[in-house]
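Enquirer: The numbering of the sequence shown is the numbering used here, which starts it at 823 and goes up by one.
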Amino acid sequence: MDNIYDVLIIGAGPIGIACGINAKKNNLSHIIIEKGCLVNSLYNYPINMTFFSTSEKLEIEDIPFVTTNPKPKRAEALEYYRRIHNKFSLNTKLFEEVLSCEKKGNIFHVTSTKGSYQARHVIVATGFYDIPMLLNIPGEDLPKVSHYYNDPHYYAGQNVVVVGASNSSIDAALETYRKGANVTLVIRGTEISLG
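(1) Would you mind sorting V946 into buried or exposed? The rule is 16 or more other CB atoms within 10 Å of its CB.
(2) Cβ of T933 within 7 Å of Cβ of E919?
(3) With a threshold of 16 other CB atoms inside 10 Å of the CB of Q980, please say whether the residue is buried or exposed.
(4) Using 10 angstroms around the beta-carbon of G961, count the other beta-carbons present and answer buried if the total reaches 16, otherwise exposed.
(5) Within its chain, find whatever has a CB closer than 6 Å to the CB of E997; leave out the 5 residues flanking it on each side and keep chain order.
(6) Could you say which of Y827, P892 and D828 lies nearest to T876 if we only look at CA atoms?
(7) Looking at C-alpha atoms only, which residue of T1012, D993 and V983 is the closest neighbour of V1005?
(8) Rank I885, Y939, P836 and G842 by C-alpha distance to the C-alpha of C923 and give the top, closest one.
(9) Count the other CB atoms within 10 Å of the CB of H907; is the residue buried (16 or more) or exposed (fewer)?
(10) At what residue ranges does the segment 848-879 contain a whole run of the beta strand (DSSP E), taking only runs of 3 or more?
(11) In chain order, what residues of the same chain have a beta carbon less than 8 Å from the beta carbon of D828, not counting five sequence neighbours either side?
(12) Assuming N1004 is part of the beta strand (DSSP E), what are its boundary residues?
(13) Assign Y976 to one of two classes, buried (16 or more other C-beta atoms within 10 Å of its C-beta) or exposed (fewer than that).
(14) Pick helix, strand or coil for Y970, following the three-state DSSP scheme.
(15) Can you pull the DSSP bridge partners for E924?
(16) Could you tell me how far apart the beta carbons of I826 and E883 are, in whole angstroms, since I believe they sit closer than 8 Å?
(17) Buried or exposed, going by whether 16 or more other CB atoms sit within 10 Å of the CB of G1011?
(18) Beta carbon of F887, beta carbon of Y902: below 7 Å?
(19) Excluding the 5 residues preceding and the 5 following I1009 in the sequence, name in chain order all residues of the same chain whose CB lies nearer than 6 Å to its CB.
(20) By DSSP, does K895 sit in helix, in strand, or in coil?
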């Protein structure tokens, strides 16, 4: 490939979008490669999720994130980041997973499921939501085990074990309980996280 990008960004979430905007504002050629849809990790959040942060803390480029709620919902965030992405006409490849990244001399050679790219700089903006925290215990790879939570209705009338004591774990435990699941919460310490 003759075209060498100034910046190749892995991940089209809020941080990847912000990096693309800054590359463009500084006249740097860029490409964003995302393994799923635009803001894929947010898309995979629970459907009815409300963010813990207020909208102004989620804003990019001082573009107002308007919501009628004290804290925005998942659907509002998806719309907000899509509008920003489109406003800046970012060069983004969706549903293309990066397979390897190797530096040869001063150039990074990146291979994806759909092509090969070269760049002077690479930014990894993949976030953390897409990477489950495995416990490395027997049974966690069974078909009935899920490392992601989407909607509480699926668990109605079922025995459910929620592992963790953070905000998301407590939300999942309470939501599934309210839909009729028999919930057991497993935590490492003696109390739930308050942070």
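For every residue, glycine included, the Cβ atom is placed at its ideal position computed from N, Cα and C.
Expert: Reading it off the structure:
(1) exposed
(2) no
(3) exposed
(4) So G961 ends up on the exposed side.
(5) P974
(6) Nearest Cα to T876 within the set Y827, P892 and D828: P892.
(7) V983
(8) Y939
(9) buried
(10) 852-855
(11) A845, L850, S851, H852, A941, R942 and H943
(12) N1004 to V1008
(13) exposed
(14) coil
(15) H931
(16) About 27 Å; that fails the 8 Å criterion.
(17) exposed
(18) yes
(19) A987
(20) strand
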